[in-house]
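All remarks here apply to the structure that follows.
2 protein chains.
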Amino acid sequence: MSKLMGQMMQQPLLISSLLVHAERHHGEQEIVSRRVEGDIHRTTYRDLAGRSRRVANALTTLGVQAGDRIGTLAWNGYRHMELYYGVSGSGAVLHTLNPRLHPDQVVYIADHAEDQVLFFDLSFLPLVEAVAHRTKTIRHFVLMTDRAHMPASTKIPQLLCYDDLLDAASDQYHWPSFDENTAACLCYTSGTTGNPKGVLYSHRSTVLHTYAAALPDALNCSARDVILPVVPMFHVNAWGLPYVGCMTGAKLVFPGAGLDGKSLYELFESEKVTMSAGVPTVWQGLLTYVETNGLKFSTMKRTVIGGSACPPAMIRTFGDKYGVHVLHAWGMTEMSPLGTACTFKARHLDMTQDQRYEVMARQGRAIYGVDMKIVGEDGAELPWDSQASGDLLVRGPWIVSEYFKGEGGNPLQDGWFPTGDVAKIDADGYMIITDRSKDVIKSGGEWIGSIDLENIAMAHPGVAMAACISAFHPKWDERPLLVVMKKPGADFSREDLLAFYDGKIAKWWTPDDVVFVDAIPLGATGKMQKNKLREQFKDHRLPTA
Amino acid sequence: MSKLMGQMMQQPLLISSLLVHAERHHGEQEIVSRRVEGDIHRTTYRDLAGRSRRVANALTTLGVQAGDRIGTLAWNGYRHMELYYGVSGSGAVLHTLNPRLHPDQVVYIADHAEDQVLFFDLSFLPLVEAVAHRTKTIRHFVLMTDRAHMPASTKIPQLLCYDDLLDAASDQYHWPSFDENTAACLCYTSGTTGNPKGVLYSHRSTVLHTYAAALPDALNCSARDVILPVVPMFHVNAWGLPYVGCMTGAKLVFPGAGLDGKSLYELFESEKVTMSAGVPTVWQGLLTYVETNGLKFSTMKRTVIGGSACPPAMIRTFGDKYGVHVLHAWGMTEMSPLGTACTFKARHLDMTQDQRYEVMARQGRAIYGVDMKIVGEDGAELPWDSQASGDLLVRGPWIVSEYFKGEGGNPLQDGWFPTGDVAKIDADGYMIITDRSKDVIKSGGEWIGSIDLENIAMAHPGVAMAACISAFHPKWDERPLLVVMKKPGADFSREDLLAFYDGKIAKWWTPDDVVFVDAIPLGATGKMQKNKLREQFKDHRLPTA
Chain S
1 MSKLMGQMMQ QPLLISSLLV HAERHHGEQE IVSRRVEGDI HRTTYRDLAG
51 RSRRVANALT TLGVQAGDRI GTLAWNGYRH MELYYGVSGS GAVLHTLNPR
101 LHPDQVVYIA DHAEDQVLFF DLSFLPLVEA VAHRTKTIRH FVLMTDRAHM
151 PASTKIPQLL CYDDLLDAAS DQYHWPSFDE NTAACLCYTS GTTGNPKGVL
201 YSHRSTVLHT YAAALPDALN CSARDVILPV VPMFHVNAWG LPYVGCMTGA
251 KLVFPGAGLD GKSLYELFES EKVTMSAGVP TVWQGLLTYV ETNGLKFSTM
301 KRTVIGGSAC PPAMIRTFGD KYGVHVLHAW GMTEMSPLGT ACTFKARHLD
351 MTQDQRYEVM ARQGRAIYGV DMKIVGEDGA ELPWDSQASG DLLVRGPWIV
401 SEYFKGEGGN PLQDGWFPTG DVAKIDADGY MIITDRSKDV IKSGGEWIGS
451 IDLENIAMAH PGVAMAACIS AFHPKWDERP LLVVMKKPGA DFSREDLLAF
501 YDGKIAKWWT PDDVVFVDAI PLGATGKMQK NKLREQFKDH RLPTA
Chain R
546 MSKLMGQMMQ QPLLISSLLV HAERHHGEQE IVSRRVEGDI HRTTYRDLAG
596 RSRRVANALT TLGVQAGDRI GTLAWNGYRH MELYYGVSGS GAVLHTLNPR
646 LHPDQVVYIA DHAEDQVLFF DLSFLPLVEA VAHRTKTIRH FVLMTDRAHM
696 PASTKIPQLL CYDDLLDAAS DQYHWPSFDE NTAACLCYTS GTTGNPKGVL
746 YSHRSTVLHT YAAALPDALN CSARDVILPV VPMFHVNAWG LPYVGCMTGA
796 KLVFPGAGLD GKSLYELFES EKVTMSAGVP TVWQGLLTYV ETNGLKFSTM
846 KRTVIGGSAC PPAMIRTFGD KYGVHVLHAW GMTEMSPLGT ACTFKARHLD
896 MTQDQRYEVM ARQGRAIYGV DMKIVGEDGA ELPWDSQASG DLLVRGPWIV
946 SEYFKGEGGN PLQDGWFPTG DVAKIDADGY MIITDRSKDV IKSGGEWIGS
996 IDLENIAMAH PGVAMAACIS AFHPKWDERP LLVVMKKPGA DFSREDLLAF
1046 YDGKIAKWWT PDDVVFVDAI PLGATGKMQK NKLREQFKDH RLPTA
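Here the protein sequences come in this chain order: S and R. When we follow my numbering, the leftmost residue of the first sequence carries the number 1, and every step to the right adds one. When we follow my numbering, the leftmost residue of the second sequence carries the number 546, and every step to the right adds one.
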């Protein structure tokens, strides 16, 4: 094929350009953080830019080279944001570690990533003291605080003070230009089986994802928004919101370690937050607090819910009781993370509220840039008819091609990434996750989706959380077992809950049994750990057996 | 610098992927066209995709190779849209010719581009008959109509019928994958001096521009919009809206040749248009029609105005009388075209309506992806203080690096493209065009911006159109001369208009004279041709001389 090339400027898509744009166009805009030190801290995009340049200079002082991985163990806050830009912008790789992981996993991941420096919040001093001598490659430990909050003594060798480090560095720095496919950030999946695997984002994938994320049919962010990301910056880059912030000049509000209902609510109100984002389990805590105290949201218009399927009952509560629109979204670490968002099409605007809630319960349609398809067991594509359910595959410029260091081999099938989710898609292209493929309940050769069963349970007024898992059945191989955590003071029986399923679902999908538990185990990113429940109930004898 | 590359999918940004997305996710969405044949035509994104694939196959049949330029002379309509995707998607280059140019210029541009095929609307049959035998490279002429509308006889050799061509082609076609920097479209600037120069967009620049254009802080387009691009598809790709359509799945309404107030208004209403886009001179016609007939807009919420500075009086009329928000935007052919859009920041939301109108009169802030700066005569950057006025320079991935075939040499200054506009920028980053550098009036060594003077005249109730040009003055070298076209029936004098400037502007900026004309010449893209006026009034004797 003969070639004629366009004659437009060759300018690489670099993360530093987001910061430069924010400094130039939104220099006065605020970034507000609840610090782990206890107070509320206020800064601006202009100061963010200056301090990010100091970070870049400090990294040079610490001997960091382009491509080196720099670890963080930190909450959402301005210092973490400075590292987002200072590290990636200078050509090093920001590696956000999940502090909720077991210390052994933290050590494994830091070693696997070969982190050279570790930046961490005061909250994680005990964790880092426990792991510092076990990690193999970290040459410098930096406590993200000021001199006043440095510990008098510590087991960590030559512990550095973040604010001192920045004060000693110049704020003059010229962001380097390089290939946009250069690695920018590293994020490990908290796989429930096997070792965690690293996803290595590039500058290009991050900038493209940021454009897509801000679109009206995705998260719809503008300079007029005040965004509070509850989703942690150590969890797939807070779904890209720190980058969306710089692209749009939205005011950012960081909650630090204060993720309880009261702390979040106070920030929503005092900072006039218009938009938030997080996993369903966090919102449960917030809603309980707001409900218990008879409060309202004065400025919050919408919240993005993803990470796990959002129970329809929660979508309705937010909408009907609080006037907050829930934007259901879906993605994963391997997808930077956004794949779909449940924004309306024109024809939905004329629907009744009930019909709209039905649409909102779906995970949404693919954002331009992401191709998706569902396939059957033979790999053939299935129709988008709301009925056919199959393995969900995706591809696009912000989707993983292989894991860091080639871990786990080639993950792709014919160029598509298999998400491990099982889904159906309606004729309008709205995708509905029915299950994780490993969580599907295989009853007599037929599949039962656990999420539908959980959503029904969640609609029961006495249920705080519900997980549906497979239990052994001598005739059907597997049958659904519902594991339920009641709301405080709720009083209802196994039979009441099973009767609640009548007429809501095909009879044979109804769970065979219900067990009540005090707590359902949550993973490091707030998802229910069904593998632990399956282990716990592996000898459960169903009454139908 | 050692390198570590990200491990994300390498997927080129190709125009065909916009169409694939639209077909898959918005297949049922409508595309409505007022055809030059006279009727209203309705199709869908699904059919657009199928017919675009037929275009690709038809091009192969016609012997078109990758990189070949394919000319169009066409209004906004579904067939033109099919060519947008069929031509670029298959690896050829869509060259949109401006039918308002002089036939000599059409010949020059078609020859310079070495167009292989020319597709044209029925309206341009006389034009093509006049130029067909003069062009050197066009091997096939295709009339964009059906068999019934083909002329019985024509001077054009072997004239082909578009619909026949498509009917004969298969709708099965696999869009090829290639380097995203491959040329996709070619657009010539209608330069007032020198030969027209071609700007060769790439797939990459077009897709990035599309992401940016759809952002909430740019044109803010979603699947819920009904977009009527008045700006022609032969004028910088209708500001990217045909691409935004596929990216978002918005309903598109194409006005064909019906750009008069009545035809436009009827389409706005019958198709429930929510958003439009065009140059100020078009809106003047629409407003006159609506005003004269005492009409209202039922669904239109906003319109993008660019191409020339929009008079503040027009922004107010749209807002106050019709509830239509004017989104002032700025760009140029060399910029794909979007550079700035005047969307609000959070703090503007609390302003009075008058203060907001003042902001809306500016051309807006840079969309992320575009860097801009103003420089003085020494090339040094000037401050953003609403005062300093200088040459406006831009750079970014959808800005020209050189013209087609290197015409005119290297246009860049240190990697920046000089726009030829003179502007000031306020502390919030909102840019205000004060003039084209060639239109600036140099009075005694000081610059007077003609746009401010025109805007004041346009606010006078009797003025239909006003152009301010420099006239010779023996003492000051140049002084402002106002050329005015009155509204029908308006009755006011030269002195009335000059008195209208009192208190609105520095005394020494007030025009030295006013002349009334029956018409102000407009160029092929609807801009006032001040060079013609300067020629016409080159011997004008100012009363102050």
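Glycine included, C-beta positions come from ideal geometry on N, C-alpha and C.
Whether residue i touches residue j by CB criterion (8 angstroms)
i, j, result
"residue 1001 (chain R)", "residue 1045 (chain R)", "yes"
"residue 340 (chain S)", "residue 431 (chain S)", "yes"
"residue 1090 (chain R)", "residue 1005 (chain R)", "no"
"residue 682 (chain R)", "residue 656 (chain R)", "yes"
"residue 1008 (chain R)", "residue 1029 (chain R)", "yes"
"residue 637 (chain R)", "residue 615 (chain R)", "yes"
"residue 338 (chain S)", "residue 218 (chain S)", "yes"
"residue 778 (chain R)", "residue 819 (chain R)", "no"
"residue 802 (chain R)", "residue 581 (chain R)", "yes"
"residue 639 (chain R)", "residue 617 (chain R)", "yes"
"residue 575 (chain R)", "residue 796 (chain R)", "yes"
"residue 552 (chain R)", "residue 401 (chain S)", "yes"
"residue 328 (chain S)", "residue 361 (chain S)", "yes"
"residue 902 (chain R)", "residue 847 (chain R)", "no"
"residue 237 (chain S)", "residue 204 (chain S)", "no"
Chain-order list of residues whose beta-carbon lies under 7 angstroms from that of residue i (same chain, five-residue window excluded)
i, result
"residue 634 (chain R)", "560, 561, 564, 597, 601 and 720"
"residue 134 (chain S)", "107"
"residue 524 (chain S)", "98, 100, 101 and 190"
"residue 1102 (chain R)", "With chain R represented from 546 up to 1090, any question about residue 1102 (chain R) goes unanswered, as that position is not in the structure."
Cutoff 8 angstroms: residue i Cβ touching any chain R Cβ
i, result
"residue 217 (chain S)", "yes"
"residue 114 (chain S)", "no"
"residue 297 (chain S)", "no"
"residue 404 (chain S)", "yes"
"residue 220 (chain S)", "yes"
"residue 397 (chain S)", "yes"
"residue 152 (chain S)", "no"
"residue 4 (chain S)", "yes"
"residue 172 (chain S)", "no"
"residue 58 (chain S)", "no"
Whole-Å CB distance - residue i paired with residue j, under 8 angstroms assumed
i, j, result
"residue 436 (chain S)", "residue 415 (chain S)", "Going by Cβ atoms, the distance from residue 436 (chain S) to residue 415 (chain S) rounds to 23 angstroms, so no, they are not a contact pair."
"residue 253 (chain S)", "residue 228 (chain S)", "4 angstroms"
"residue 855 (chain R)", "residue 871 (chain R)", "6 angstroms"
"residue 282 (chain S)", "residue 77 (chain S)", "With 8 angstroms as the limit, residue 282 (chain S) and residue 77 (chain S) do not qualify as a contact, their Cβ atoms being about 17 angstroms apart."
"residue 183 (chain S)", "residue 549 (chain R)", "4 angstroms"
"residue 731 (chain R)", "residue 743 (chain R)", "5 angstroms"
"residue 603 (chain R)", "residue 768 (chain R)", "Not really, about 30 angstroms apart at Cβ, beyond 8 angstroms."
Neighbourhood of residue i by C-beta distance below 6 angstroms, restricted to the same chain and skipping five residues each side
i, result
"residue 520 (chain S)", "465, 467, 485 and 528"
"residue 478 (chain S)", "441, 442, 443 and 470"
Cβ of residue i within 8 angstroms of any chain S Cβ
i, result
"residue 746 (chain R)", "yes"
"residue 790 (chain R)", "no"
"residue 875 (chain R)", "no"
"residue 570 (chain R)", "yes"
"residue 938 (chain R)", "no"
"residue 553 (chain R)", "yes"
"residue 946 (chain R)", "yes"
Residues of its chain near residue i, where Cβ-Cβ distance is below 8 angstroms and the 5 sequence neighbours each way are ignored
i, result
"residue 161 (chain S)", "142, 143, 145, 146, 147 and 150"
"residue 1025 (chain R)", "986, 988, 993, 995, 998, 1013, 1014, 1015, 1016, 1054, 1055, 1056 and 1057"
"residue 1084 (chain R)", "none"
"residue 272 (chain S)", "226, 298 and 299"
Check: What are the uninterrupted segments assigned as beta strand (DSSP E) that are 3 or more residues long and contained completely in the region 845-910 of chain R, given in chain order?
Finding: 847-850, 870-876 and 883-886
Item checked: Every unbroken beta strand (DSSP E) inside the region 134-159 of chain S [3 residues or more] -> 140-143
Item checked: Uninterrupted beta strand (DSSP E) stretches inside the region 457-488 of chain S (no shorter than 3 residues) -> 463-473 and 477-486
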